[in-house]
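Letter by letter, the sequence shown follows residues 1 to 474 in my numbering.
Here a beta-carbon is modelled for each residue, glycine too, at the ideal position from N, C-alpha and C.
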Amino acid sequence: MTDDGKLTSSDHAAILVAQLTAATIRRLGLGLGSNLPGRLARKLSPTVLSHLSAQTARGVIAVTGTNGKSTTSGILSSILRTAGFTFAHNRQGANLVTGITASLIESSNWKTGIAADLCLFEIDEAALPVVAKEVKIGSVVVTNLFRDQLDRFGELDTTARLINAGINQNKSTAILNSDDPNVSQLAPDVTHLFFGLENILPSSSDESNTGSESSKLVSATSNMELSYCGKCGKEISYTTVFYGQIGHWYCQGCDFKRPLPKVVARDVEVAATHSRFKLVIEGKIEECVLPLPGLFNVYNALAAAAAAHHLGASREAIRYGMKEYSTLFGRSERLTIEGKSIIVQLIKNPAGATQALASCVKDSKAKVLIAINDNLADGRDISWLWDADFEQLAALKNGTMIVSGQRAEDMAVRLKYAGISSDQIATVPKLAQALRQGIDSLTEGETLWLMPTYTNLLDLQKILKAMGYSMNCT
Ligand SMILES: [Zn+2]
């Protein structure tokens, strides 16, 4: 295999055919259309991905992990744009090898090849080793490793092994979350750049602890993945837990502990709609504002900052790009529909849902619509609903909560066990109807917090489109 980026005649043909196919799909309004062009291109030229990606002067950076891939890549692209980089990015969440091929072709000219100096790939954990065999990935960002989509990946160990294989394939630089012991122990034999959180300001953590004393305890421990020391096998201990298994960890059995991060968020303040923190990069401080709710998004911003720093973006570009970031694909998207305020936050696993709920209950004028499907893309197994901290919602005293989707009944049962009385729960399986009811119920100053699983989010896009509104991700 040649990897000097010289295009063969079949590469040229593959690019041309894929571009025409993508254009046709768009013209016919057949959806995102990320799969067919990529599949066709790869059939016509199996080398097209490796050749095109090798053409970029600054190489390839990949973002992977359970949660936050899209947000991290989104913030990173906002920073890279600010810094004046040109890059190809699979921004529509098409993160398997065919989607990545298609996105690269989108940024290419069929004669000359790629017209960007960097490739930014959001890659599914399982697809990383597959892509790494074809693409020389310079650096890999890993956001976190939570239990997610059990039926696809099985155990956490399997995911870690896949990511390790992907990183080791090209001896990529590993840009890792030092606070997640499942992540910071990955790929010990390559060069690392760690990012992590130093402290949360007390005022801000008081505010985030809405709910009862017992629910605080639940949220501190219920999403914790048991993590084990890579050196001696003992269970990991903590001096501070931020959420889930993420915090300042150490091993009681040996000297292994959280690596000291080079890119740090200090004095973090988490508010209902945004966060502030001091970003410290190699001793230099930038005051940052992130227009996204939730501590998990501070981690996404940190991951993006570390990656941008590694790629040579200035601290100013990092601060500005972060501030300017607007959300993608239903990750904390804010909408105004018929003059009413709606926040859409995708939920798909216990840790992400718990964080979304924590943001929601901080809003004293929040109304809630939760939509749960169990299609393949949502994860067939919905037992994760029992691991997410819906108990927090008991703190909301704001009328009826609506549950929707194929598994609306299960969600209603979950809410009952979370301490919500049944006359406060409305079960409306059809999402369009549930949305209508939710919007109509809003009074002045109230916000509808709509928490859908993935395929409900896709449905929501269609429903909104029919109503004449569009989400950012379309
Ligand atoms: Zn140990």
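| query | result |
| --- | --- |
| Closest by CA to Val17, which one among Arg42, Ser70, Thr158? | Arg42 |
| Between which two residues does the beta strand (DSSP E) carrying Asn177 extend? | 173-177 |
| Please classify Lys465 as buried or exposed, where buried requires at least 16 other C-beta atoms within 10 Å of its C-beta. | exposed |
| Examine the Cβ distances between the region 290-307 and the region 267-280 and report whether three or more of them are shorter than 8 Å. | yes |
| Roughly how many angstroms separate the alpha carbons of Phe87 and Ala115, rounded to a whole number? | 8 Å |
| Could you tell me which residues DSSP pairs with Ser341 in its beta bridges? | Thr336, Thr447 |
| Assuming the contact rule is C-beta atoms closer than 8 Å, Thr239 and Tyr250 should be a hit. Round their C-beta distance to whole Å, please. | 7 Å |
| Pairs of beta-carbons, one from the region 398-414 and one from the region 368-387, closer than 8 Å: are there three or more? | yes |
| Under the rule that 16 or more other beta-carbon atoms within 10 Å means buried, what is Leu226, buried or exposed? | exposed |
| Taking only the alpha-carbon atoms, compute the straight-line gap between Cys288 and Leu40 and give it to the nearest angstrom. | 43 Å |
| May I ask you to report which of helix, strand or coil DSSP gives Glu391? | helix |
| Grab the span of the beta strand (DSSP E) containing Phe121 for me, first residue to last. | 119-122 |
| Should Phe194 be counted as a contact of ligand 1 given a C-beta to heavy atom distance under 7 Å? | no |
| Quick check: the Cα distance between Leu176 and His310, rounded to an integer number of angstroms? | 12 Å |
| Tell me the rounded alpha-carbon separation between Lys416 and Thr427. | 12 Å |
| Would you check if there are 3 or more beta carbon pairs closer than 8 Å linking the region 129-136 to the region 160-173? | yes |
| In this structure, does DSSP put Lys416 in helix, strand or coil? | helix |
| Throw me the rounded Cβ distance for the Val63 and Glu122 pair, which I believe falls under 8 Å. | 5 Å |
| Given Leu104, which residues of its chain have a CB within under 6 Å of its CB, disregarding the five upstream and five downstream residues? | Leu52, Ala88 |
| Based on Cα-Cα distance, which residue from Ile337, Gly312, Gly5, Arg276 lies nearest to Ala54? | Gly5 |
| How about Lys430: is its Cβ closer than 7 Å to a heavy atom in ligand 1? | no |
| Can you tell me whether Leu290 is helix, strand or coil according to DSSP? | strand |
| Once you ignore the five residues that flank Ala366 on each side, which residues in its own chain have a CB closer than 7 Å to its CB? | Cys360, Leu396, Asn398, Thr447, Trp449 |
| What is the DSSP secondary structure of Thr8, reduced to helix, strand or coil? | coil |
| Alpha carbon to alpha carbon, how far is Leu458 from Ala160? Give it in angstroms, no decimals. | 29 Å |
| Taking only the alpha-carbon atoms, compute the straight-line gap between Gln461 and Ser237 and give it to the nearest angstrom. | 43 Å |
| In this structure, how does DSSP classify Pro452 when only helix, strand and coil are distinguished? | strand |
| Hey, would you say the C-beta of Gly84 is under 7 Å away from at least one heavy atom of ligand 1? | no |
| Quick one: using the 10 Å Cβ neighbour count with 16 as the cut-off for buried, is Cys119 buried or exposed? | buried |
| For ligand 1, which residues count as neighbours when the test is a C-beta closer than 6 Å to any heavy atom? | Cys229, Lys231, Cys232, Lys234, Cys251, Gly253, Cys254, Phe256 |
| Buried or exposed for Ala57, going by 16 or more other Cβ atoms inside 10 Å? | exposed |
| Can you list, in chain order, the residues of its chain whose CB lies under 6 Å from that of Ser178, leaving out five sequence neighbours each side? | Ser184, Phe194, Gly196, Arg258, Pro259, Pro261 |
| I need the boundaries of the alpha helix (DSSP H) containing Ile79, first residue and last residue. | 69-82 |
| With DSSP collapsed to three states, give me the class of Tyr469. | coil |
| May I ask you to report which of helix, strand or coil DSSP gives Arg27? | helix |
| If you drop the 5 nearest sequence neighbours on each side, which residues of the same chain put their C-beta closer than 6 Å to that of Val141? | Val63, Ile175, Ala303, Ala307 |
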